[in-house]
Every structure is written in structure tokens, then in C-alpha cells.
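Numbering (full-length UniProt numbering), first residue to last: 1 to 289.
Reviewing the structure listed below.
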Ligand SMILES: C[S@@+](CC[C@H](N)C(=O)[O-])C[C@H]1O[C@@H](n2cnc3c(N)ncnc32)[C@H](O)[C@@H]1O
């Protein structure tokens, strides 16, 4: 962690982020972070934003907790857009630690063409920022060797690989988290088709990380946000929405990753049906009586 932190100090953009998003937080919380970094549990480190790719760590832990609350022993998680594989390996590492902490198992999938970005189709793909050939998988063999047994790389155009994949997802290991990092509007639209299978293939609240909504040219009429808006318009029982009040639930509130976290509400999930057996009736106390 310390080595990683020091390496970030060499990058001016990262230095700026650490300064704006972390050092401007209250001193006592930053001091407490040092204690947590040295002696805290993995879960506490996620609470204190001390894990590399905190955005993935939060989503993976939260998905595991949602699964636990429904007594689901295993979840499927996906990274769309793998490139050199740093994100996918990061998911593998974090998931392993979350399994140790929660007992929830992970089935991990990475999707990528292997050849970098395909051609953009029009202004909706934000061609002023992204271009064909960007971010190829550098060393596929090395990446495959580094993947643990519960992780797979699915190579090909997502438009072709997702429809087959969704048939293989089972309700024994529903999708709990998808990381969308394919840059274009049209590729994102293809990724989101993975959320259109039978309801029990998902958690009732499935986490989504949208990686590319923070660039200046992002807006609801292009890129990932346009794909999300169209998904919501086209799917009556599936709605993608920012994670409700996430900022207020975090210790460090100035960090920007919070704004990239969305969820899909699976409105047709059986746990959201009026016929589902409920736990015992809850009674509120009244301090005035
Ligand atoms: C920014 S990179 C991903 C970076 C990676 N998530 C990380 O954090 O290290 C975007 C990737 O999306 C992939 N991609 C974009 N559109 C695709 C499509 N339609 N089918 C398959 N791969 C696609 C590209 O090959 C590229 O590797």
C-alpha cells in the first residue's frame, strides 16, 4: 500500500487528487486512517478508503453483503473493458479478501476485444477523447496465467460475447456487480444487455461502476450516461440509478469515486414481490407515551 501510495506521488494528476480529495478532509480522520492502515481489518480499510481502486472495493463488498442478507453463497462479477488487466486482477485480489471476511464466493469475468477500442460510430462515442486501437491487452498469456481459478477472460466483441454469456449465468451465482469501462456509448449499450436476463440472475440491487462519466465531455446525451438513460427507457422492470445517498454513508465524502457508483434495481426480482414471505412484523416505539 505504502509503495503504491508513493508511486502515485510521481503523477501530478494523482497528487492533485490526493490533495483535493483527501488532505482537505478533517485531520482527525486522516490520523485515524493511519491507525486503520496499520491495524484495521480489510473491511475497515474499505470503510476508510485505504484500498487500491476503492471504487471496486466498495462495490464488491457491498454486493457480498447484499448476497449475504439473502443467503446467496456466491455472486458473479464482471469487468467490461480489461485492457492490460490491472482492474481485473485488482477485482480478483479484493474478492479473495472479501471471501475470507464474509464467506461469499466470487465468479469473476473480464470481457474485452483484446485489440483495444473498436472504431467509434459517431459523436455519441466521444471520439474527441477515445479512438480506435486505444488500450489493447498487452500480454494476454501473462494475464491469463495471473488469473486465479475463479476468474475468466472472455475475448471478443462484447456485442457477440454477452448474449451467449448471459445464458450461462445461474441464480446460484447471480450478477452482483458490473464494472463498465468500455469508453464508448455503443459498447456500453452492448454491455448493459447483460442486465436483461431473467430476474433471478441478478441481485435485487446490483452494483454498477461507470468509469467514464467523469470526463469533461460526458453528459446525458453521449457516452455511458446516454446508454444508461436508454436502458431505463427500454426496460420497465430494470432501472439504473445512482447509489442512493452513498456520499452521506461514507467517512471520506470529498472523494470523487462515489459519483461513479450506480445500481440496477431489479424491480421484478422475487424478493421485491408483494407475495414474498416477510420477516416478523416490526413495531416502532414512541418516547412520548
Ligand atoms: C479503458 S480500457 C479498460 C481499462 C481497464 N478497465 C482498467 O481499469 O485497467 C477500455 C477497453 O474496452 C475494450 N472495449 C471497448 N469496446 C469494446 C467492445 N465493443 N468489445 C470488446 N471490448 C471493447 C477495449 O478493448 C479496451 O481494452
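Quick reminder that beta carbons are idealized off the backbone N, C-alpha and C, glycines included.
Being a predicted model, the structure only gives us computed values, none of them experimental.
Under the three-state DSSP convention, the category residue i falls into
i, result
"residue 205", "strand"
"residue 198", "coil"
"residue 211", "coil"
"residue 66", "helix"
"residue 28", "helix"
"residue 103", "coil"
"residue 251", "coil"
"residue 131", "coil"
"residue 276", "coil"
"residue 84", "coil"
"residue 95", "helix"
"residue 146", "helix"
"residue 183", "coil"
"residue 112", "strand"
"residue 306", "Residue 306 falls outside the range modelled here, since the chain spans only 1 to 289, and no answer is possible."
Buried versus exposed, by CB contacts within 10 Å (16 or more), residue i
i, result
"residue 207", "buried"
"residue 14", "exposed"
"residue 69", "exposed"
"residue 54", "buried"
"residue 95", "buried"
Range covered by the beta strand (DSSP E) that runs through residue i
i, result
"residue 238", "238 to 242"
Any non-hydrogen atom of ligand 1 within 7 angstroms of residue i CB
i, result
"residue 117", "yes"
"residue 77", "no"
"residue 187", "yes"
"residue 112", "yes"
"residue 190", "yes"
"residue 158", "yes"
"residue 260", "no"
"residue 87", "yes"
First through last residue of the alpha helix (DSSP H) which encompasses residue i
i, result
"residue 223", "223 to 234"
"residue 162", "158 to 168"
"residue 16", "12 to 17"
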